[in-house]
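In my numbering, the protein residues as written are 5 to 519.
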């Protein structure tokens, strides 16, 4: 017999299958010896009261041994002799589009400007050590996209539960820990995600798909007002319908699309800083315990939002037990991001603290004005930090002065850093809103606005500043090109980008079902 049961237990009780089994036996008066296995279907932390509790939905096997895997398998057949579809970009949108194409009987040909996920590590390390940015291989470009080395968070606000579950199951099929199926805020970790990405690539190749690394799309091929393929930097042409999944940092692609007559529109996004606190402080405050999280709870998270001076101010991409990284993708410009390993065991928590901006804030009119705005901020960050991550204590940020020494908090960063006036990077209204936002959040979480909290900048790549307009059938104003993912302005994060990649693959197969 298999039963699905709900249980609410203390963190220690939720810490092992044996403890969970005992709790189920007691709660539901089930003979302990008859429970042969337990699977956690959903798990969330309830820290609203002083006593933190764990809510779980379980599948309990009573006098029965599980015979199925914990995740749902997807079958990928051989498409080596099938009609091709070009995918530009090997981030989550591109990779999941490729997997879905294989399911639907199409052969994906992925063109990726960056290197494979293993070789990318060397170029990312060079940014940290030497402040040298390879414009084709960095935190934004390469196999796995921007998410591969920036935390691996899989949480999404999407209400399409079935679609989300599908993405999580595919990740598990390719090596992710099955805990992501249960956790309310699933997270793979920067140290684990690259292996999963490699496994996805191997599956695509095994099924007859192609992946071309260090191959940059330089030109869309247009014939009779229709996209018929792409040309790469070495002059090689690929002919087939095109899924464009280039990510939100492929600025040269946006310029080429604009020049090619593809309809673009400017969109709002958000910019700001990274903010670091001791993880122990966040644990104490969120778990209502001066001892912190203890032995059985994970590193605590937070999420804040406020309205300041008519703008939204909010935390974003919060990394418990994480690191701030130099995520620059162009030499002479500097952008920061955050990441965590699976264990989330760094001394500090960090989060972006960002402020909404709209096209009215941009220095240039037109659909590419947001890119100019980003570049202007990133250039300032590079200049005041001389290529290193500029950092400033919140107490000095309030006084508009450069810091000279750290307080009790030591920065946890992947990349060289230097004291600078971080506030001077930002337009006045953005800088002021960040100060007021931190003070407002300090009223909700005591100590959040401490003077030795560390700010670093600039956080400018929160989402795409451009939307590539597409119709209900998924293609742009010129037929043959199907924009998707974060770069197209239709997703935000690994999971939603993967979902959009799947949807776009379905669009293209429906359009060309007779070919």
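Even for Gly, the Cβ is constructed at its ideal location relative to N, Cα and C.
With DSSP as the reference, please indicate the residues paired to residue i in a beta bridge.
i	result
residue 344	326
residue 184	Paired residues: none, contrary to the question.
residue 318	309, 358
residue 138	141
residue 8	63
residue 486	247
residue 269	471
residue 463	276
residue 302	According to DSSP, which records beta bridges pairwise, residue 302 is partnered with nothing at all.
residue 352	282
residue 88	111
residue 458	280, 397
residue 157	191
residue 13	58
Smallest Cα separation from residue i: which of the options?
i	options	result
residue 16	75, 302, 61, 183	302
residue 338	114, 259, 97, 379	379
residue 562	401, 398, 419	Only positions 5 to 519 of the chain appear in this structure, which leaves residue 562 out of reach.
residue 297	11, 25, 152, 56	56
residue 516	503, 496, 484, 504	484
residue 482	202, 229, 21, 180	229
residue 521	67, 467, 458, 98	No information on residue 521 is available, as it lies outside the stretch 5 to 519 that the chain covers here.
residue 204	54, 177, 342	177
residue 392	111, 133, 369, 48	133
residue 388	363, 308, 359, 424	424
residue 81	103, 92, 99	103
residue 264	226, 122, 280	226
residue 222	232, 215, 239	239
residue 426	185, 60, 407, 208	407
residue 308	399, 164, 453	453
residue 441	465, 413, 311	311
residue 45	18, 53, 38	18
residue 84	67, 59, 111, 100	111
residue 409	208, 188, 456, 92	456
residue 248	503, 173, 479	479
residue 54	294, 508, 386	294
residue 277	300, 439, 244	439
residue 242	434, 428, 88	88
residue 331	495, 399, 403, 153	153
residue 313	348, 245, 361	361
Check this for me: beta carbons of residue i and residue j, under 8 Å apart or not?
i	j	result
residue 381	residue 319	no
residue 219	residue 117	yes
residue 344	residue 321	no
residue 199	residue 115	no
residue 69	residue 40	yes
residue 415	residue 328	yes
residue 317	residue 463	no
residue 90	residue 211	no
residue 486	residue 512	yes
residue 159	residue 190	yes
residue 527	residue 121	A question about residue 527 goes unanswered here, because the residues of the chain that appear run from 5 up to 519.
residue 394	residue 422	yes
residue 273	residue 468	yes
residue 342	residue 283	no
residue 156	residue 185	no
residue 34	residue 58	no
residue 498	residue 146	no
residue 6	residue 78	no
residue 509	residue 129	no
residue 305	residue 413	no
residue 171	residue 180	no
residue 119	residue 61	no
residue 43	residue 63	yes
residue 347	residue 323	no
Say the cut is 7 Å; is the CB of residue i nearer than that to a heavy atom of the ligand SAH?
i	result
residue 361	Among the components of this structure there are no ligands whatsoever, and the ligand SAH is therefore not found.
Would you call the stretch 365-379 and the stretch 290-299 touching, i.e. three or more CB-CB distances under 8 Å?
In the pairwise beta carbon analysis, the stretch 365-379 is classified as not touching the stretch 290-299: fewer than three pairs are separated by under 8 Å.
Whole alpha helix (DSSP H) elements within the stretch 25-60, 4-residue minimum
Entirely contained in the stretch 25-60, not one alpha helix (DSSP H) run reaches 4 residues.
Pairing CB atoms from the stretch 127-138 with CB atoms from the stretch 329-343, are three or more of them under 8 Å?
Cβ pair count under 8 Å is three or more, so yes.
Just list the beta strand (DSSP E) runs in the stretch 370-439, keeping only unbroken ones of 3 residues or longer that don't cross its boundaries, in chain order.
Listed in chain order, the complete beta strand (DSSP E) runs (minimum 3 residues) inside the stretch 370-439 are 393-397, 421-423.
With three or more C-beta pairs closer than 8 Å as the rule, is the stretch 266-285 touching the stretch 455-473?
Counting C-beta pairs with one atom in each stretch, the stretch 455-473 and the stretch 266-285 have three or more that are closer than 8 Å, which means they touch.
Tell me, please, whether the stretch 245-256 touches the stretch 487-494 by the rule of three or more beta-carbon pairs shorter than 8 Å.
By the Cβ test, the stretch 245-256 is in contact with the stretch 487-494, since at least three Cβ pairs between them sit closer than 8 Å.
Mind pulling the alpha helix (DSSP H) runs of 4 or more residues that sit fully within the stretch 91-135?
Fully enclosed alpha helix (DSSP H) runs of 4 or longer: 96-107, 121-134.
Every unbroken alpha helix (DSSP H) inside the stretch 191-267 [4 residues or more]:
Taking only runs of at least 4 residues, the alpha helix (DSSP H) segments lying wholly in the stretch 191-267 are 197-210, 255-263.
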